[in-house]
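Next up, the structure:
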């Protein structure tokens with residue numbers, strides 16, 4: 001029996017992206033569709049930016065009404081094929097013809113509508129799903145509504161946590177105002193006196209996944225579980241961590257058009273990229289000077305308080321450092337002035353530029369990622385792909401993908417530190433510099449980096465096994 005899987009998500013490359021969720025939803029289906037006896041399709045909200053960029057390629061399939069409390073809202077169902085994957089879009093001008101994706105006062109209502117529209121659309125598709133796979137809180141209610149309404153006989157559900165910190169919380173009054181679900185189901189949607197979209201997905205899904213094995217363990221603890229750890233502990237047998245991969249066609253230094261010199265396993269070409277970047281950003285041009293970079297959202301989660309505490313001290317070493325990112329004013333202000341203090345050694349590029357990000361990966365010797373927590377992390381995987389040595393804190397997917405270099409066994413593909421502590425970060429930065437200056441160890445470390453591969457191929461096999469295990473024919 002063929003498994004037909006419908007991914008439900010709020011963002012997906014190349015259509016709309018705010019973070020790593022979009023990369024996963026954009027690339028994983030392409031790999032899964034290469035497996036026999038499986039087809040994955042994706043359903044998304046039709047945001048304004050998708051209309052602006054893709055509308056001439058969209059095929060209108062059907063319009064239907066979706067109950068949202070006492071109102072009926074129109075949903076327009078569109079279809080598009082891209083790179084071997086069929087995508088569906090739920091259009092509604094009132095909810096989605098706005099600038100951007102999230103951050104509106106009525107986000108809860110918007111994704112109640114989207115989730116209900118998705119479930120109502122399942123019987124209208126030219127495709128009969130056997131498994132609905134929801135991603136993060138915006139799709140949690142789709143998992144719940146699919147179980148409650150049962151639009152397709154024996155439809156199974158999977159829910160993936162990409163970041164448990166964001167849960168989609170609403171006041172309980174919204175249940176009667178928006179949900180159109182009998183009151184006896186409120187227990188599966190409520191948590192700590194509030195409606196919680198992520199909890200709804202966790203409660204109703206047949207299986208739960210998250211984006212790395214270590215994060216699967218961490219979120220069962222009070223420190224990382226963001227209040228939901230009791231339900232995850234209770235459902236531990238249904239929880240599995242599968243590490244994310246990256247699209248190695250998209251992130252490929254041999255073909256990347258953003259970088260000055262394409263390469264594969266070539267320190268000579270990387271140094272040419274370094275000189276090109278140094279010249280572009282106004283740093284002293286010296287290919288031998290070790291270059292550390294960080295590409296990140298400027299938020300507390302990314303470990304920036306640690307970097308604040310030690311950056312001036314570390315820059316007393318003979319190194320260069322480039323930060324690329326945008327976010328909270330506290331960090332933008334700090335790193336702007338830090339660059340003013342260290343003009344010859346630090347550049348703070350406060351904004352985001354995809355082309356420049358690729359150039360940083362291609363030019364850098366080290367990629368710094370000292371996160372408080374990191375469900376999986378894609379940046380360290382991209383860094384490895386571009387042959388830049390990651391320096392990370394041992395948490396979540398960072399712990400699962402970066403092994404600290406060991407001088408005695410000559411193993412490891414990066415550097416790491418265990419505790420969320422600025423002095424530990426400074427110590428590992430200085431240690432990385434020692435290894436860089438030792439030709440023998442540096443050559444060994446680079447060879448280990450060259451042998452690190454994180455495409456979707458291995459992870460997709462684990463998803464395929466999970467789908468096979470949960471498929472209706474198995475019950």
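Residue numbers (UniProt numbering): 1 to 475.
C-beta: ideal position from N, C-alpha, C; glycine also.
Owing to the predicted nature of the structure, the values given are computational and were not obtained by experimental measurement.
Range covered by the alpha helix (DSSP H) that runs through residue 279:
Position 279 of the chain shown holds residue 279. 267-281 is the span of the alpha helix (DSSP H), which, as asked, contains residue 279.
Which of helix, strand or coil DSSP assigns to residue 213:
Here residue 213 is taken as the residue at index 213 of the chain shown, counted from 1. It is helical.
Which of the three DSSP states is assigned to residue 374 in this structure?
Position 374 of the chain shown, counted from the first residue, corresponds to residue 374. The answer is coil: DSSP assigns residue 374 none of H, G, I, E or B.
Return yes when the Cβ of residue 253 is within less than 7 Å of the Cβ of residue 365, no when it is not.
Position 365 of the chain shown holds residue 365. Position 253 of the chain shown holds residue 253. No. Outside cutoff.
Among all the DSSP beta bridges, which residues are the ones paired with residue 404?
For the purposes of this step, residue 404 is taken as the residue at position 404 of the chain shown. Residue 404 is bridged to 414.
With distance defined between alpha-carbon atoms, name the residue in 12, 204, 42 nearest to residue 4.
Taking the first residue of the chain shown as position 1, residue 4 is located at position 4. Minimum Cα distance to residue 4 is reached at 42.
Note down, in chain order, each residue of its chain lying with its Cβ closer than 6 Å to the Cβ of residue 444, except the 5 sequence neighbours on either side.
By 1-based counting over the chain shown, the position of residue 444 is 444. The residues are 410.
Is the separation between the beta-carbon of residue 281 and that of residue 368 shorter than 7 Å?
To locate residue 281, count along the chain shown from 1; it is residue 281. To locate residue 368, count along the chain shown from 1; it is residue 368. Not in contact: residue 281 and residue 368 (Cβ atoms no closer than 7 Å).
Pick out whichever of 100, 9, 305 has its Cα sitting closest to the Cα of residue 476.
Given a span of 1 to 475 for the chain in the structure shown, any question on residue 476 remains unanswerable.
According to DSSP, residues forming a beta bridge with residue 326
Position 326 of the chain shown, counted from the first residue, corresponds to residue 326. Paired residues: 297.
Meets three-Cβ-pair contact criterion under 8 Å: the segment 146-159 and the segment 113-125
yes
Helix or strand or just coil, what does DSSP make of residue 478?
Residue coverage of the chain in this structure runs from 1 to 475, which leaves residue 478 outside it and unanswerable.
Beta-carbon separation (whole angstroms), residue 162 vs residue 378, contact threshold 8 Å:
Counting from one through the chain shown, the residue named residue 162 turns up at place 162. Counting from one through the chain shown, the residue named residue 378 turns up at place 378. With a Cβ gap of about 11 Å, residue 162 and residue 378 do not count as contacting.
Confirm, please, whether the CB-CB distance from residue 214 to residue 333 is below 7 Å.
The residue given as residue 333 occupies position 333 in the chain shown. The residue given as residue 214 occupies position 214 in the chain shown. Going by C-beta atoms, residue 333 is not nearer than 7 Å to residue 214.
Could you check how far apart the C-beta atoms of residue 29 and residue 210 are, in whole angstroms? I think they sit under 8 Å.
Taking the chain shown and counting its residues from 1, the one referred to as residue 29 is at position 29. Taking the chain shown and counting its residues from 1, the one referred to as residue 210 is at position 210. Actually they do not touch by this definition, with Cβ atoms about 18 Å apart.
Since residue 6 contacts residue 135 with CB under 8 Å, what's their CB separation in whole angstroms?
For the purposes of this step, residue 6 is taken as residue 6 along the chain shown, with counting starting at 1. For the purposes of this step, residue 135 is taken as residue 135 along the chain shown, with counting starting at 1. Actually they are not in contact, since the Cβ atoms of residue 6 and residue 135 sit about 11 Å apart, beyond 8 Å.
Does DSSP put residue 459 in a helix, in a strand, or in coil?
Stepping through the chain shown from its first residue, residue 459 is reached at position 459. Looking at residue 459 - three-state DSSP - the assignment turns out to be helix.
State whether the segment 220-237 contacts the segment 183-198, with contact taken as three or more CB pairs (one from each stretch) at a distance under 8 Å.
yes
Bridge partners for residue 54 per DSSP, in chain order?
Position 54 of the chain shown, counted from the start, is the residue given in the question as residue 54. Bridge partners of residue 54: none, in fact.
So the candidates are 382, 328, 216; which of them puts its Cα closest to the Cα of residue 354?
Mapped onto the chain shown, residue 354 falls at position 354. Of 382, 328, 216, the residue nearest in Cα terms is 382.
Minimum length 3: unbroken beta strand (DSSP E) runs contained in the segment 106-163
131-135, 156-161
Helix, strand or coil at residue 320 [DSSP, three-state]
Start at 1 with the first residue of the chain shown, and residue 320 comes out as number 320. If DSSP states are grouped into helix, strand and coil, residue 320 belongs with the strands.
Per DSSP, which residues does residue 207 bridge with? Please list them.
As a position in the chain shown, residue 207 is number 207, starting the count at 1. 158.
Give me the DSSP bridge partner(s) of residue 72.
Your numbering for residue 72 matches position 72 in the chain shown. Partner(s): 67.
May I have a chain-ordered list of the beta strand (DSSP E) segments no shorter than 3 residues that lie completely inside the segment 212-251?
239-241
Quick check: the Cα distance between residue 145 and residue 248, rounded to an integer number of angstroms?
As a working mapping, residue 145 is identified with position 145 in the chain shown. As a working mapping, residue 248 is identified with position 248 in the chain shown. One C-alpha to the other measures close to 35 Å.
Residue 396 versus residue 373: straight-line alpha-carbon distance, rounded:
Position 396 of the chain shown, counted from the first residue, corresponds to residue 396. Position 373 of the chain shown, counted from the first residue, corresponds to residue 373. Approximately 6 Å, taken between the alpha carbons.
Quick one: what's got a C-beta closer than 7 Å to residue 336's C-beta in the same chain, skipping five residues either side?
Along the chain shown, read from residue 1 onward, the residue named residue 336 stands at position 336. Correct list, in chain order: 348, 350.
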